[in-house]
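In what follows, a single structure is set out as C-alpha cells and then discussed.
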Amino acid sequence: MLNPDSVGSTFAGTEPIIVSQSEVDAFCAVIGEADTSIAPPTFTIRITLTQFEEILTRPEIGLDWSRLVHGDQKFEIFSPIKPGDELTCSATIESYRVAAGNEIVTVRSDLYRTSQLAISAWSTLVVRA
Amino acid sequence: MNTVGTELPPRVFHLNRELLKRYADASGDQNPIHQDEDFALSVGLPNVIAHGMLTMALVGKYISDFAGGSAKVLEFGARFIKPVIVPAGQEVDLTVTATISDITDGKISLTLSATSADVKVLGMAKAVILQ
Numbered sequence: 000m001l002n003p004d005s006v007g008s009t010f011a012g013t014e015p016i017i018v019s020q021s022e023v024d025a026f027c028a029v030i031g032e033a034d035t036s037i038a039p040p041t042f043t044i045r046i047t048l049t050q051f052e053e054i055l056t057r058p059e060i061g062l063d064w065s066r067l068v069h070g071d072q073k074f075e076i077f078s079p080i081k082p083g084d085e086l087t088c089s090a091t092i093e094s095y096r097v098a099a100g101n102e103i104v105t106v107r108s109d110l111y112r113t114s115q116l117a118i119s120a121w122s123t124l125v126v127r128a
Numbered sequence: 000m001n002t003v004g005t006e007l008p009p010r011v012f013h014l015n016r017e018l019l020k021r022y023a024d025a026s027g028d029q030n031p032i033h034q035d036e037d038f039a040l041s042v043g044l045p046n047v048i049a050h051g052m053l054t055m056a057l058v059g060k061y062i063s064d065f066a067g068g069s070a071k072v073l074e075f076g077a078r079f080i081k082p083v084i085v086p087a088g089q090e091v092d093l094t095v096t097a098t099i100s101d102i103t104d105g106k107i108s109l110t111l112s113a114t115s116a117d118v119k120v121l122g123m124a125k126a127v128i129l130q
C-alpha cells in the first residue's frame, strides 16, 4: 500500500537525463513520424514512467509496481522536447484513494530544461487488488 | 476552413506484435502483457494487448499531422477504457477521428475518438493545438 503521508509531496527524480537523437528516432519510427527534430507529444512517457517507478517504489512510499495498470494520462507541453535537451524530473503525488481494494494514484511529473518547466504530465496509476 | 463542429477525416493505423515489440523498445515499457501471450493469459487478459501509451502515441501522430507538426501540440490527454487486443499473426486496426470542439485565442481544441475492432479504447480523449 502507498504511504498516505506521501500524498501532496514532491520528489526529485534521478540524475539529469539527456535526450538522444537515437531514442527520438526510434520513437518516431514506431508511429511513422518523419520529423525527428522534435520529440512526439507522448515521447516523455519514456522518461517519466521510469522515474515514477524509481520514486514510487521507494520503501518510504511503497507502491507495488508489479500489479500496476495505467488509468489515464495527460500532457501539457510548454516547450517541445528536442534531441540534446538535458532534463530534470520531479514527481508529485497529487491524489490517492482506495476503491474496491484497488489503489488509485495520480502523479504529476514536471520536466525542466535549465530550470524552465517544459512539460507537465499527469498519470493515473491503478494498483489492482 | 476549420470551424467548431468540423469533423476531421478518419485515419486507420495498423498494429501487430512486431509494432508492440518496437514500441516496448522505444518506450522502455517491457511489461510482458504486451509481448508474451502465455503471460497475458495467465493474468486474465484475452490475449496480448497493446500498450495504452502506444495507442496514445498513434493518436498523437494523428493530432500532430492535423496541427502541422509535433511542436504545435500543447495538450493531450486520454483515459484508457478498453485494451487494444493484438493476436499473433494479425493486423489490428486503430481508427482515429476528431471533432473541433473549440477555437479560442489561436488555439484549437479537439475531441478525439479511437476505436479498435469497433470497440472504443480511449475515453475523454482531448487535445489542444496551436491554430
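One line per chain: the protein sequences are A and B, in this order. If you use numbering that gives the first Met the number 0, the first sequence corresponds to residues 0 to 128, in order. If you use numbering that gives the first Met the number 0, the second sequence corresponds to residues 0 to 130, in order. Every residue gets a Cβ at the ideal spot worked out from N, C-alpha and C, and that includes glycine. This one's a predicted model, so the numbers in the text were calculated from it and none came from an experiment.
* Taking only beta-carbon atoms, is LEU48 of chain A less than 8 angstroms away from chain B? -> On the first sequence, residue 48 of chain A is found 49 positions in, with the first residue counted as 1. Yes, because at least one Cβ of chain B sits closer than 8 angstroms to the Cβ of LEU48 of chain A.
* Proximity winner among B:THR2, B:PRO45 and B:ILE80, relative to MET55 of chain B (alpha-carbon distances) -> Along the second sequence, one-based indexing puts residue 55 of chain B at 56. Comparing Cα positions, the closest option is B:ILE80.
* Just checking, does the region 104–121 of chain A make contact with the region 65–80 of chain A on the three C-beta pairs under 8 angstroms criterion? -> yes
* To do: List the residues of chain B whose Cβ lies closer than 8 angstroms to the Cβ of ASP135 of chain A, in chain order.
  => Since the first residue shown for chain A is 0 and the last is 128, residue 135 of chain A is missing from the structure and cannot be characterised.
* Asked: What did DSSP end up calling ASP24 of chain B once you bin it into helix, strand or coil?
  -> Here the question's residue 24 of chain B lines up with position 25 in the second sequence. Helix at ASP24 of chain B.
* **GLY105 of chain B: contacting residues in chain A (beta-carbon distance under 7 angstroms)** => Taking the first residue of the second sequence as position 1, residue 105 of chain B is located at position 106. Neighbours of GLY105 of chain B on chain A: none; closest Cβ ~15 angstroms, over 7 angstroms.
* Of all Cβ atoms in chain A, is any one closer than 8 angstroms to the Cβ of ILE62 of chain B? -> If you number the second sequence from 1, residue 62 of chain B lands on position 63. Cβ-Cβ to chain A under 8 angstroms: yes for ILE62 of chain B.
* To do: Note down, in chain order, all residues in the region 52–74 of chain A with a beta-carbon under 7 angstroms from any beta-carbon belonging to chain B.
  => Hits within the stretch, in order: HIS69, GLY70, ASP71, GLN72, LYS73 and PHE74.
* When the distance is taken between beta carbons, is THR110 of chain B closer than 8 angstroms to ILE94 of chain B? -> Stepping through the second sequence from its first residue, residue 94 of chain B is reached at position 95. Stepping through the second sequence from its first residue, residue 110 of chain B is reached at position 111. For the sequence presented, residue 94 of chain B should be read as Thr rather than Ile. For THR94 of chain B and THR110 of chain B, no; Cβs fall outside 8 angstroms.
* Skipping 5 residues on each side, what residues in its chain have a beta carbon closer than 7 angstroms to that of PHE75 of chain B? -> As a position in the second sequence, residue 75 of chain B is number 76, starting the count at 1. GLY59, ILE62 and ALA126.
* What's the call for LYS71 of chain B, buried or exposed, on a 16-neighbour Cβ count within 10 Å? -> For this step, residue 71 of chain B is matched to residue 72 along the second sequence. It is buried - the Cβ of LYS71 of chain B has at least 16 other Cβ atoms within 10 Å.
* Asked: Taking the alpha-carbon positions, what's the LYS119 of chain B to ALA113 of chain B distance?
  -> One-based indexing of the second sequence puts residue 119 of chain B at position 120. One-based indexing of the second sequence puts residue 113 of chain B at position 114. Distance between the alpha carbons of LYS119 of chain B and ALA113 of chain B: 6 angstroms.
* Minimum Cβ-Cβ distance from VAL72 of chain B to chain A less than 8 angstroms -> Taking the first residue of the second sequence as position 1, residue 72 of chain B is located at position 73. Yes, its Cβ sits closer than 8 angstroms to a Cβ of chain A.
* **Distance between beta carbons of ASP92 of chain B and ALA116 of chain B, contact taken as under 8 angstroms** => For the purposes of this step, residue 116 of chain B is taken as the residue at position 117 of the second sequence. For the purposes of this step, residue 92 of chain B is taken as the residue at position 93 of the second sequence. Sure, about 7 angstroms apart at Cβ, within 8 angstroms.
* Asked: For the alpha helix (DSSP H) that ILE54 of chain A lies in, which residues bound it at each end?
  -> Working through the first sequence from its first residue, we reach residue 54 of chain A at position 55. Per DSSP, ILE54 of chain A belongs to the alpha helix (DSSP H) from 44–55.
* To do: Quick one: list the residues of chain B neighbouring ILE103 of chain A, beta-carbon separation under 7 angstroms, in chain order.
  => Counted from its first residue, the first sequence places residue 103 of chain A at position 104. Near ILE103 of chain A there are no residues of chain B at all, since even the closest Cβ is about 12 angstroms away, more than 7 angstroms.
* Cut-off 8 angstroms between Cβ atoms - residues of its own chain near LYS35 of chain B, not counting five sequence neighbours on either side -> One-based indexing of the second sequence puts residue 35 of chain B at position 36. Per the sequence presented here, residue 35 of chain B reads as Asp, with Lys not at that position. Taken in chain order, the residues that qualify are VAL47.
* Within 8 angstroms, strictly: CB atoms of PHE26 of chain A and ALA124 of chain B -> Taking the first sequence and counting its residues from 1, the one referred to as residue 26 of chain A is at position 27. Taking the second sequence and counting its residues from 1, the one referred to as residue 124 of chain B is at position 125. In this structure, ALA124 of chain B does not lie closer than 8 angstroms to PHE26 of chain A by Cβ.
* Through-space distance from ILE103 of chain A to VAL125 of chain A, alpha-carbon basis -> If you number the first sequence from 1, residue 125 of chain A lands on position 126. If you number the first sequence from 1, residue 103 of chain A lands on position 104. Those two C-alpha atoms are separated by around 5 angstroms.
* Asked: Taking the alpha-carbon positions, what's the THR9 of chain A to GLY70 of chain A distance?
  -> For the purposes of this step, residue 9 of chain A is taken as residue 10 along the first sequence, with counting starting at 1. For the purposes of this step, residue 70 of chain A is taken as residue 71 along the first sequence, with counting starting at 1. Computed Cα separation, rounded: 21 angstroms.
* Asked: Roughly how many angstroms separate the alpha carbons of PRO31 of chain B and ALA39 of chain B, rounded to a whole number?
  -> The residue labelled residue 31 of chain B in the question sits at position 32 within the second sequence. The residue labelled residue 39 of chain B in the question sits at position 40 within the second sequence. The alpha-carbon atoms of PRO31 of chain B and ALA39 of chain B are separated by roughly 7 angstroms.
* What separation, rounded to the nearest whole angstrom, lies between the Cα atoms of ASP84 of chain A and VAL3 of chain B? -> Within the first sequence, numbered from 1, the residue matching residue 84 of chain A stands at position 85. Within the second sequence, numbered from 1, the residue matching residue 3 of chain B stands at position 4. Distance between the alpha carbons of ASP84 of chain A and VAL3 of chain B: 36 angstroms.
* **Helix, strand or coil at PHE77 of chain A according to DSSP, with G and I counted as helix** => The residue you call residue 77 of chain A lines up with position 78 of the first sequence. It is coil, neither helix nor strand.
* To do: Rounded to whole angstroms, what's the CA-CA distance from GLN72 of chain A to THR43 of chain A? Just pull it up for me.
  => Counted from its first residue, the first sequence places residue 72 of chain A at position 73. Counted from its first residue, the first sequence places residue 43 of chain A at position 44. Rounded to the nearest angstrom, the two C-alpha atoms are 12 angstroms apart.
* Would a C-beta distance cut-off of 8 angstroms place LEU110 of chain A and ILE46 of chain A closer than the cut-off? -> To locate residue 110 of chain A, count along the first sequence from 1; it is residue 111. To locate residue 46 of chain A, count along the first sequence from 1; it is residue 47. Against a cut-off of 8 angstroms, the Cβ pair of ILE46 of chain A and LEU110 of chain A comes out as a contact.
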